[in-house]
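Here this note's numbering is used: position 67 in the sequence shown is 188, and no number is missing along the way. Only one structure is covered here, and it is reproduced in the block below.
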Amino acid sequence: MADITKVAAGAVVAANRAAIIKIFIVITFIAASSYGLFQFYQRYLAESAVLSTPEIAELAKKTPADDRGEWLRLSRMVLAVEKVQQIAAPIEPINNRGEASRIELGYQLFFDPILSADKTTSCASCHHPDYGMADGLKKGRGIGSHGVGKQREASGRELQRNTPSIFNVAFNPILFWDGRAGSLEEQALAPIFNEEEMNFPDAKELIARLRAIPAYREMFARAFGFNSKQDGSEITMQNVARAVAAFERKLNITETAYDSFVKGQDDKLTTGQLRGLVAFFGQGQCAACHIPPHFHDGILSSTGVPVSSEKGAPLDGDPGFGAVIRRQDGFGMFKTPGLRNVSQTAPYMHNGAFNTLEDIVEFYNDGGGRGRGLNVFSQDTKVEKLNLTDQQKKTWSVFLNHSTVRRHHRRFRLKCSAG
């Protein structure tokens, strides 16, 4: 009788175990189906199966350049160990949700030179879609310049710094190269009143100029008003800032070949880009500062940027964040720029010193400014000699083309005129 009881108990245990296994399989299948099979595996099952990033980098050194299967495996391992996430929508402030009417108004203001004193310069003069929402110049050109891109070099004032792209600006908490603005709304107004950029002397005068245009009265009323008077009372500097910021928050590149690859589509990156991805995270140590999915770290740091890409060039003297806080320990500190669409936004660095991505790779391979013998006050400790091979340097820049989107802006019908 005891034997029968034991057998029965064992059968119950086995049945329960089988039921538990079936339940686990069903839950796993449901989760994988809804979450995405690759993402589910990468996030919950793969961690214990992958090597560290330095170990993967060592494996990469022994991997034939044309072995796509192995490069694909190494790339997937890197994404797993680095816990790379998909890009999400930017967070909008509670007092400036991105209603369509505000975005359209912001677009209009962004492209209208009416915001500059002499009506020659708009936000888009320096942040133009044809130049990756930058201007293609070593340093920007402000008030009095005409046209876009190289056309602007013929006239107007040269500014102190390179014009940064504003693609994905909503994802970076550091605004302006020196981090002096705390929000997109604050950033939107600063160039208007800067004497070298748009040179508007007085906010009241600008408000009066906008209120004199019926189309603007209508658009501001629709974006911010709760009545149909359209008397211009909604036209304030605060609402100008809100509208421009609402538009800028929509200038996002989120659907690139890299993003598709992260979602599990193996065919979206070339073999060369896969090699570059492994070098980017591994031997190149680029992701220490350019962290996915936005490819920046949201902080300011000093890398010892010289005045030009030539080896032996002296250190650039721009104090950067040091001038903002008026302290020596901030000297030469600038924001880490994001790398999405980076192939379209040369020249690079805060001073436009580097003309190509290859120039930047060479600079960081040398160990930044200190690696080139410059007396850098407070160089970031993450910047050190990399000892990349020529092949790794090449694939690094090839990988950065993963995020290129040559045209990325919505055309609204321009309803107003600066004339």
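Just so it is clear, CB atoms sit at the ideal spot from N, CA and C, and this is done for glycine as well. As the structure is a computational prediction, the values presented were derived from the model and not from experiment.
Reduced DSSP secondary structure (H/G/I, E/B, other) of residue i
i	result
Gly438	coil
Phe231	helix
Lys389	helix
Ala444	helix
Lys204	coil
Leu193	helix
Asn522	helix
Lys456	strand
Val134	Any reading at Val134 needs caution, since the residue's pLDDT is 47, under 50, leaving its predicted position unreliable; the model's value is listed next. Three-state result, Val134: helix.
Ser422	strand
Arg396	helix
Arg330	helix
Val147	Per-residue confidence for Val147 stands at a pLDDT of 47, beneath the threshold of 50, marking its modelled position as unreliable; the derived number appears in the next sentence. Helix at Val147.
Arg370	coil
Arg218	coil
Arg493	coil
Arg363	helix
Arg223	helix
Pro185	coil
Glu355	coil
Residues sharing a beta bridge with residue i, DSSP
i	result
His249	Ala255
Ala302	Leu296
Ser469	In the sequence under discussion, the amino acid at residue 469 is Tyr, which differs from the Ser named in the question. Phe475.
Pro427	Leu436
Arg262	Glu279
Integer Cβ distance of residue i from residue j, believed to fall under 8 Å
i	j	result
Asp549	His471	The question about residue 549 has no answer here: the residues shown for the chain are numbered 122 through 540.
Phe452	Asp299	Wrong, their Cβ atoms sit about 11 Å apart, outside the cutoff.
Val445	Arg218	Val445 to Arg218, Cβ: 30 Å. No contact.
Delimiting residues of the alpha helix (DSSP H) encompassing residue i
i	result
Asp323	Run containing Asp323: none; DSSP gives neither H nor E here.
Asn476	No alpha helix (DSSP H) holds Asn476; DSSP gives it neither H nor E.
Arg278	First-last for Arg278: undefined, no H or E at that position.
Val383	Ala378 to Val383
Thr174	Thr174 to Lys182
Asn339	Contrary to the premise, residue 339 reads as Glu rather than Asn in this sequence. Start and end: Pro335 to Phe345.
Practice task
Could you say if the segment 257-274 and the segment 303-319 meet the contact criterion of at least three C-beta pairs nearer than 8 Å?
Solution key: Taking a cut-off of 8 Å on C-beta distances, the segment 257-274 touches the segment 303-319, as three or more cross pairs fall below it.
Handout entry: Meets three-Cβ-pair contact criterion under 8 Å: the segment 322-329 and the segment 399-407
Key = Pairwise C-beta distances place the segment 322-329 out of contact with the segment 399-407, as fewer than three of them are shorter than 8 Å.
Practice task
Determine contact between the segment 381-394 and the segment 175-193, defined as no fewer than three beta-carbon pairs at a distance below 8 Å.
Solution key: As far as the Cβ criterion goes, the segment 381-394 touches the segment 175-193, which means the pair count is three or higher.
Exercise for the section: Evaluate the contact criterion for the segment 496-511 versus the segment 422-430: three or more CB pairs, one atom per stretch, below 8 Å. Expected result: Yes: the two stretches touch, three or more of their Cβ pairs being nearer than 8 Å.
Exercise for the section: Would you be able to state if there are at least three C-beta pairs under 8 Å between the segment 286-293 and the segment 371-388? Expected result: In short, these stretches touch, since the Cβ pair count reaches three.
Exercise for the section: Please determine if the segment 201-209 and the segment 360-370 are in contact, where contact requires at least 3 C-beta pairs separated by less than 8 Å. Expected result: These segments do not touch.
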